[in-house]
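I have placed the structure first, in the form of structure tokens, so that the comments after it can refer back to it.
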Amino acid sequence: MHDLPQQNAEIARRFPDLHPPFASQAAVIEANRCLNCFDAPCTAACPTHIDVPRFIKKIASGNLRGSALSILDANVLAASCSRVCPVQVLCEGACVMHRYNKQPIAIGRLQRYSMDAFHSSHGTLPRKSLEEHPQRIACLGAGPASLAAAAELRQRGYQVTVFDKRPQPGGLNTYGVAEYKLPLPDSLREIKLIEDLGVKFRFGVEIGRDIALEDIGQQFDYIFLGVGLGEMHKLDIPGGDHPAVIDALEFIANYKTGRTTGVQGDVVVIGAGNTAIDAANASTRLGAKRVTILYRRTQAHISAFDFEYEHAKDEGVAFHWLTQPVAVNSSNGKLTSIECTRMDIANDGTLHPVANSNFRVDCDIVIPAIGQSPLVEFLSKLSNVRIEKGRVLVDRATGQTSNPKYFAGGDCINGGREVVDAVADGKRAGIAIAKALEAAHA
Amino acid sequence: MPDMSRTTQPDLSINFAGIKSPNPFWLASAPPTNSGEQIMRAFDAGWGGAVWKTIGEPITNVSSRYSSIDWNGQRMMGFNNIELISDRPLEDNLREITEVKKRYPSNAVVVSLMVESRREAWHTIVQQAEDAGADGLELNFGCPHGMSERGMGSAVGQVPEYAEMITAWVKEKAKTPVIIKLTPNITDIRSVARAAKGGGADALSAINTINSITGIDLNTFIPAPNVGGKSSHGGYCGPAVKPIALNMVHQVMSDPEAALPISGIGGIGTWRDAVEFILLGAGTVQVCTAAMHYGYRIVEDMIDGLQTWMTEKHFAGIEAFRGLSIPKVTSWKHLDLNYKIVAHINEQKCIGCDLCYTACWDGAHQCIHLDRVSGPVNGHVELHKKPADIQNETRSSIAVTPIPKLDPPKSAQEPYPTPLARIPRVDETECVGCNLCSLVCPVEDCITMVEVKTGLHPESWDERTTTTLTGKN
Ligand SMILES: Cc1cc2nc3c(=O)[nH]c(=O)nc-3n(C[C@H](O)[C@H](O)[C@H](O)COP(=O)(O)OP(=O)(O)OC[C@H]3O[C@@H](n4cnc5c(N)ncnc54)[C@H](O)[C@@H]3O)c2cc1C
Ligand SMILES: Cc1cc2nc3c(=O)[nH]c(=O)nc-3n(C[C@H](O)[C@H](O)[C@H](O)COP(=O)(O)O)c2cc1C
Ligand code: SF4
Ligand code: SF4
Ligand code: SF4
Numbered sequence: 001m002h003d004l005p006q007q008n009a010e011i012a013r014r015f016p017d018l019h020p021p022f023a024s025q026a027a028v029i030e031a032n033r034c035l036n037c038f039d040a041p042c043t044a045a046c047p048t049h050i051d052v053p054r055f056i057k058k059i060a061s062g063n064l065r066g067s068a069l070s071i072l073d074a075n076v077l078a079a080s081c082s083r084v085c086p087v088q089v090l091c092e093g094a095c096v097m098h099r100y101n102k103q104p105i106a107i108g109r110l111q112r113y114s115m116d117a118f119h120s121s122h123g124t125l126p127r128k129s130l131e132e133h134p135q136r137i138a139c140l141g142a143g144p145a146s147l148a149a150a151a152e153l154r155q156r157g158y159q160v161t162v163f164d165k166r167p168q169p170g171g172l173n174t175y176g177v178a179e180y181k182l183p184l185p186d187s188l189r190e191i192k193l194i195e196d197l198g199v200k201f202r203f204g205v206e207i208g209r210d211i212a213l214e215d216i217g218q219q220f221d222y223i224f225l226g227v228g229l230g231e232m233h234k235l236d237i238p239g240g241d242h243p244a245v246i247d248a249l250e251f252i253a254n255y256k257t258g259r260t261t262g263v264q265g266d267v268v269v270i271g272a273g274n275t276a277i278d279a280a281n282a283s284t285r286l287g288a289k290r291v292t293i294l295y296r297r298t299q300a301h302i303s304a305f306d307f308e309y310e311h312a313k314d315e316g317v318a319f320h321w322l323t324q325p326v327a328v329n330s331s332n333g334k335l336t337s338i339e340c341t342r343m344d345i346a347n348d349g350t351l352h353p354v355a356n357s358n359f360r361v362d363c364d365i366v367i368p369a370i371g372q373s374p375l376v377e378f379l380s381k382l383s384n385v386r387i388e389k390g391r392v393l394v395d396r397a398t399g400q401t402s403n404p405k406y407f408a409g410g411d412c413i414n415g416g417r418e419v420v421d422a423v424a425d426g427k428r429a430g431i432a433i434a435k436a437l438e439a440a441h442a
Numbered sequence: 001m002p003d004m005s006r007t008t009q010p011d012l013s014i015n016f017a018g019i020k021s022p023n024p025f026w027l028a029s030a031p032p033t034n035s036g037e038q039i040m041r042a043f044d045a046g047w048g049g050a051v052w053k054t055i056g057e058p059i060t061n062v063s064s065r066y067s068s069i070d071w072n073g074q075r076m077m078g079f080n081n082i083e084l085i086s087d088r089p090l091e092d093n094l095r096e097i098t099e100v101k102k103r104y105p106s107n108a109v110v111v112s113l114m115v116e117s118r119r120e121a122w123h124t125i126v127q128q129a130e131d132a133g134a135d136g137l138e139l140n141f142g143c144p145h146g147m148s149e150r151g152m153g154s155a156v157g158q159v160p161e162y163a164e165m166i167t168a169w170v171k172e173k174a175k176t177p178v179i180i181k182l183t184p185n186i187t188d189i190r191s192v193a194r195a196a197k198g199g200g201a202d203a204l205s206a207i208n209t210i211n212s213i214t215g216i217d218l219n220t221f222i223p224a225p226n227v228g229g230k231s232s233h234g235g236y237c238g239p240a241v242k243p244i245a246l247n248m249v250h251q252v253m254s255d256p257e258a259a260l261p262i263s264g265i266g267g268i269g270t271w272r273d274a275v276e277f278i279l280l281g282a283g284t285v286q287v288c289t290a291a292m293h294y295g296y297r298i299v300e301d302m303i304d305g306l307q308t309w310m311t312e313k314h315f316a317g318i319e320a321f322r323g324l325s326i327p328k329v330t331s332w333k334h335l336d337l338n339y340k341i342v343a344h345i346n347e348q349k350c351i352g353c354d355l356c357y358t359a360c361w362d363g364a365h366q367c368i369h370l371d372r373v374s375g376p377v378n379g380h381v382e383l384h385k386k387p388a389d390i391q392n393e394t395r396s397s398i399a400v401t402p403i404p405k406l407d408p409p410k411s412a413q414e415p416y417p418t419p420l421a422r423i424p425r426v427d428e429t430e431c432v433g434c435n436l437c438s439l440v441c442p443v444e445d446c447i448t449m450v451e452v453k454t455g456l457h458p459e460s461w462d463e464r465t466t467t468t469l470t471g472k473n
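Take a look at the structure:
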């Protein structure tokens, strides 16, 4: 990862910044709008508890370095969080300004402003202790959760190795988040700082296949599980295995890494979560003629955030509610349409197909986005680690599992939330592991 | 709505120590009054009068010569200059004064003067200005930079004896009213005002600019304005100086030995500012920085706003309200010690920023608390969490991103728009009524100060100590 990959030029053209960065004068004016609330609700709403008024007032005073450091102190992946966080339901959603002049402080954009300045001045992550400790910690997965845990431990002088089965670090930050929010090289740029701290990375290594869990257990004092979720659910209907049926995660990863730079014809996305929205938006930007989202319930039931739904409508995505796909049709090996049936919601909330209501939506590509399955097989191999409903059970405050040597965080414990939740989990676990090590060697 | 049905507009015209003008708004002696062409355009825009940029022996100015203080994104809250008097030939100025007066006979043209401290020099310039057609003379005893080093400007204005002597010289010669412009760079502005009165001055104007260094470039270490790597203290003016100017006008006007017709100057930019100066006794007001910032056009709203306000208040002319606030300023010892107010928070308006809470804990008397959730609390409560405890609790709490499907939004049951836990409560038994919280609260009319009846008769410190001394009660 020493030469950061460049963003594919065609992708860069199709996915310009959704929220362009602040110019410096505008940033200062915006920063001055912040009231500097006591026990600020924005800080409480941020899962990593970034001290929002503190970093914002430093922008206002021209102390950009201090601003960035106070952000990084709470959240090492602050640059990506500033772009990918659903700020509308987090910090900005909690801003008292909603009740004053209605316009919350643009916290996300200000955070990005600070972090951009930090990166362009070649800032490095500070250490929290200059001592070196011999103890070794393995972080499984190189997604946001593991990266945060690794940084926290390394900043205190512990020896950390991060393993990932993919060729690049970042997990979904690198391979999943929409490109107009966080371009792939920007995700990697931030992780480079964690590597520069002295965290070791081993890529292309799948734990449980390339290295046995027992080996890891023997070589390391503590293990942090940040493996995220597994494959996406398959479209289990006739024709669902057609090669032009491509799951949302693979579709997104393909365009982010420049393997796909354009889409032709009509696209149908199945599901109405944030991932479905991302896949649908990406399809329109990649040149699809028409993009339709099929969802078996109604708009009131979708799991996507309101602003994501509005954004998709702005991008020109059409929504078909109460629609269940039943078969994928093809002729001469080419996908032609998707067969659907109308649904009805009974008073008790259960769904029923409407008889004789089948219809077809013509399309060339089908993108199922019906959820990621947990890594059941992998998790079952962990000794003494309790799993419930496919999630690793932990003590929320420390991330410790039922096996005291194992800690966990991120999507594998919460079933899939946001990047900042994974970072917060990783940070808490990192602190808890460091405490445990200190206590053991005091 | 106030009664605006009266058809006759209030009369804005004034007679200031014998100088007449259609309204009290004059441009102060400064760059906006540097030439005849400018002053004529200003009169066209509506200005009632202008004090010509100070004339005297022509000088050379430096560049740069201005700097300013910005405040939270607002430009030029305070303005600073190291400019001297007019750098144009005397003859040009005099010729233009004649021309302006000829074309605008009903506007006031006052000529500001400054020459070296010799009787003949003053006699000559007075004669020249009056021959040119000046309606009045303003003696510039205030310029704090450059001229004072030559024994002029504030070098005169800071020594009552000199001020009195030069005023007397000028009065020997002058046929038009003589205004003495006072410098604020002095311990007691009344001493020079009294001296001016003693010398026979017809009127006063206050204030000139205040000695200042506006700021220093943190890269070059050179203060502003930068004149080839060095700087000098300059004169401060603009919105930032208005409170100082108001106080000085009041000091002069409440002193019988000093009071004369006075032209108020310092930070005036709107009709509101002007009304405040007139309420403290000013007969005209002069404007410099605001006209430099926004141009002559600001006078339109100054006239319009003043007229509207006077109509609402039923004031037919300027004299009807001039000086009304003078007696409302008194010495501290005459204030009522038994008057009590306490802070009251309007829960419907509170946005939960808790700035009042921080302010009262750190800057006042620790009587605002965040324990509303425990229900109504009557009277004094001793045990409260300190601010740090509250913050620590929040920081150690675990927040997650709400997912619409997993975390349905809580139904709004709160009685107020802001969660009750964030609406502070004032312990009225402890509140000293200092006002701090109401000043920091960003929401208009959210924190009000309400009177609490103490049941005691009004009593000032003066009265209290006198009764003790005389043994009466
Ligand atoms: C399409 C999509 C878009 C999203 N958009 C946003 C967004 O805009 N904003 C936002 O905040 N969140 C978004 N999210 C959610 C967010 O990406 C995740 O919550 C977050 O990445 C979780 O971090 P993690 O570290 O737990 O797991 P991941 O990011 O999934 O990382 C897990 C890593 O572990 C590796 N791994 C797994 N098993 C093994 C093994 N056995 N051996 C070695 N390595 C292994 C994987 O290769 C992966 O790199 C999005 C999610 C998706 C799917
Ligand atoms: C650039 C500049 C030049 C000035 N020149 C003079 C001057 O020549 N004579 C004078 O009496 N006052 C001069 N002043 C002072 C103003 O007349 C006025 O007293 C002062 O600026 C305060 O008013 P303000 O707050 O409206 O600007 C000058 C002020 C400025 C800003
Ligand atoms: S809630 Fe809004 S105003 Fe208050 S500190 Fe946070 S960003 Fe600033
Ligand atoms: S300062 Fe005003 S708005 Fe803020 S908490 Fe106090 S009363 Fe409420
Ligand atoms: S008026 Fe002063 S003492 Fe009273 S609550 Fe406000 S800040 Fe506190």
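So the protein sequences, as listed, match chains A and B. Residue numbering for the first sequence follows full-length UniProt numbering, starting at 1 and increasing by one per position. Residue numbering for the second sequence follows full-length UniProt numbering, starting at 1 and increasing by one per position. Even for Gly, the Cβ is constructed at its ideal location relative to N, Cα and C. What you are looking at is a predicted structure, and each value in this text was computed from that prediction instead of being measured.
Inset, instruction - Taking all protein chains shown into account, decide if Met1 (chain B) is buried (16 or more other Cβ within 10 angstroms of its Cβ) or exposed. - result: For Met1 (chain B), the pLDDT reaches just 46, beneath the cut-off of 50, and the residue's location in the model is therefore unreliable, leaving the point undetermined.
Inset, instruction - Check distances from the C-beta atoms of the UniProt domain "4Fe-4S ferredoxin-type" (341-370) of chain B to those of chain A and list, in chain order, the residues that come in under 7 Å. - result: Ile351, Gly352, Cys353, Asp354, Leu355, Tyr357, Thr358
Inset, instruction - Compare the C-alpha of Gly73 (chain B) against each of A:Ala60, A:Asn254, A:Ile237 and name the closest. - result: Of A:Ala60, A:Asn254, A:Ile237, the residue nearest in Cα terms is A:Ala60.
Inset, instruction - Label Val450 (chain B) either buried or exposed according to how many other C-beta atoms from any shown protein chain fall within 10 Å of its C-beta, with 16 as the threshold for buried. - result: By the 10 Å Cβ count, Val450 (chain B) comes out exposed.
Inset, instruction - Would you tell me roughly how many angstroms separate the C-alpha atoms of Ile265 (chain B) and Ser13 (chain B), rounded to the nearest one? - result: 18 Å
Inset, instruction - Compute the Euclidean distance between the alpha carbons of Ile390 (chain B) and Asn346 (chain B), then round it to the nearest angstrom. - result: 23 Å
Legend entry - Proximity test, Ser146 (chain A) beta-carbon vs ligand 1 heavy atom, cut-off 7 Å: yes
Inset, instruction - Give the interface partners of Ile29 (chain A) over in chain B, defined as CB-CB distance under 8 Å, in chain order. - result: Gly73
Legend entry - Where the beta strand (DSSP E) containing Asn247 (chain B) begins and where it ends: Where Asn247 (chain B) is concerned, there is no enclosing beta strand (DSSP E), although the alpha helix (DSSP H) it sits in stretches over 242-253.
Legend entry - Cβ-heavy atom distance, Cys37 (chain A) to ligand 3, below 7 Å: yes
Legend entry - Burial state of residue 461 (chain A), where buried means 16 or more other Cβ atoms lie within 10 Å: In the structure displayed, chain A extends from 1 to 442; residue 461 (chain A) sits before or after that span and is not available.
Legend entry - Separation of Ala42 (chain B) from residue 476 (chain B), as counted between CA atoms: The structure shown has nothing for residue 476 (chain B), since chain B only spans 1 to 473.
Legend entry - Min CB distance Thr448 (chain B) to chain A below 8 Å: Cβ-Cβ to chain A under 8 Å: no for Thr448 (chain B).
Inset, instruction - Give the interface partners of Cys37 (chain A) over in chain B, defined as CB-CB distance under 8 Å, in chain order. - result: Gly352, Cys353, Asp354, Leu355
Inset, instruction - Pick out whichever of A:Val354, A:Ile367, A:Ser402, A:Asn32 has its Cα sitting closest to the Cα of Val263 (chain A). - result: Among A:Val354, A:Ile367, A:Ser402, A:Asn32, the Cα nearest to that of Val263 (chain A) is on A:Ile367.
Legend entry - Under 8 Å between C-beta atoms of Val249 (chain B) and Ile351 (chain B): no
Inset, instruction - Could you pull out every residue in the same chain whose Cβ sits closer than 8 Å to the Cβ of Thr260 (chain A), ignoring the five residues on either side in sequence? - result: Phe251, Asn254, Leu286
Inset, instruction - Quick one: give me the first and last residue of the beta strand (DSSP E) that Phe25 (chain B) is part of. - result: 25-27
Legend entry - Proximity winner among B:Met165, B:Arg88, B:Pro160, B:Val170, relative to Ile125 (chain B) (alpha-carbon distances): B:Val170
Legend entry - Minimum Cβ-Cβ distance from Arg65 (chain A) to chain B less than 8 Å: no
Legend entry - Beta-carbon gap between Asp135 (chain B) and Val100 (chain B) smaller than 8 Å: No, they are not a contact pair.
Inset, instruction - Verify whether the separation of the beta carbon atoms of Ala201 (chain B) and Thr176 (chain B) is less than 8 Å. - result: Taking 8 Å as the cut-off, the Cβ atoms of Ala201 (chain B) and Thr176 (chain B) do not count as close.
Legend entry - DSSP state of Val361 (chain A) mapped onto helix, strand, coil: strand
Inset, instruction - For Arg395 (chain B), decide whether its Cβ has a neighbour in chain A, counting only Cβ atoms nearer than 8 Å. - result: yes
Legend entry - Start and end residues, alpha helix (DSSP H) containing His441 (chain A): Counting along the chain, His441 (chain A) falls outside any alpha helix (DSSP H), and DSSP gives it neither H nor E.
Legend entry - Own chain residues within Cβ distance below 8 Å of Ile423 (chain B), not counting five before or after: Ile345, Glu347, Cys350, Gly352, Arg372, Tyr416
Inset, instruction - Compare the C-beta of Arg422 (chain B) against all C-beta atoms of chain A and say whether one is closer than 8 Å. - result: Cβ-Cβ to chain A under 8 Å: yes for Arg422 (chain B).
Inset, instruction - Can you grab the Cα-Cα spacing for the pair Gly238 (chain B) / Val287 (chain B), in whole Å? - result: So the alpha carbons of these two residues sit roughly 9 Å apart.
Inset, instruction - Flag Phe16 (chain B) as yes when its Cβ comes closer than 7 Å to any non-hydrogen atom of ligand 6, and as no otherwise. - result: With respect to ligand 6, the structure shown offers nothing to examine, as its ligands consist of ligand 1, ligand 2, ligand 3, ligand 4 and ligand 5.
Inset, instruction - State the DSSP-derived secondary structure class of Glu315 (chain A), mapped to helix, strand or coil. - result: coil
Inset, instruction - Determine the DSSP secondary structure at Met114 (chain B), reduced to helix, strand or coil. - result: coil
Inset, instruction - Give the residues of chain B in contact with Pro47 (chain A), contact being defined as C-beta atoms less than 9 Å apart. - result: Think of a sphere of 9 Å around the beta carbon of Pro47 (chain A): the chain B residues whose beta carbon falls inside it are Ile398, Ala399, Val400, Thr401, in chain order.
Legend entry - is_contact[Pro104 (chain A), chain B] using C-beta, thresh 8 Å: no
Inset, instruction - Flag this pair as yes or no: are the beta carbons of Asn107 (chain B) and Pro10 (chain B) separated by less than 8 Å? - result: no
Inset, instruction - Can you tell me which of the three DSSP states His2 (chain A) falls into? - result: Because the pLDDT at His2 (chain A) is just 47, under 50, the model does not fix this residue reliably, and the value given afterwards should be weighed accordingly. The answer is coil: DSSP assigns His2 (chain A) none of H, G, I, E or B.
Inset, instruction - Could you check which residue in B:Gly49, B:Ser154, B:Asn219 has the C-alpha nearest to that of Pro284 (chain B)? - result: Checking the displayed sequence, the identity of residue 284 (chain B) turns out to be Thr instead of Pro. Of the listed residues, the one whose Cα sits closest to Thr284 (chain B) is B:Gly49.
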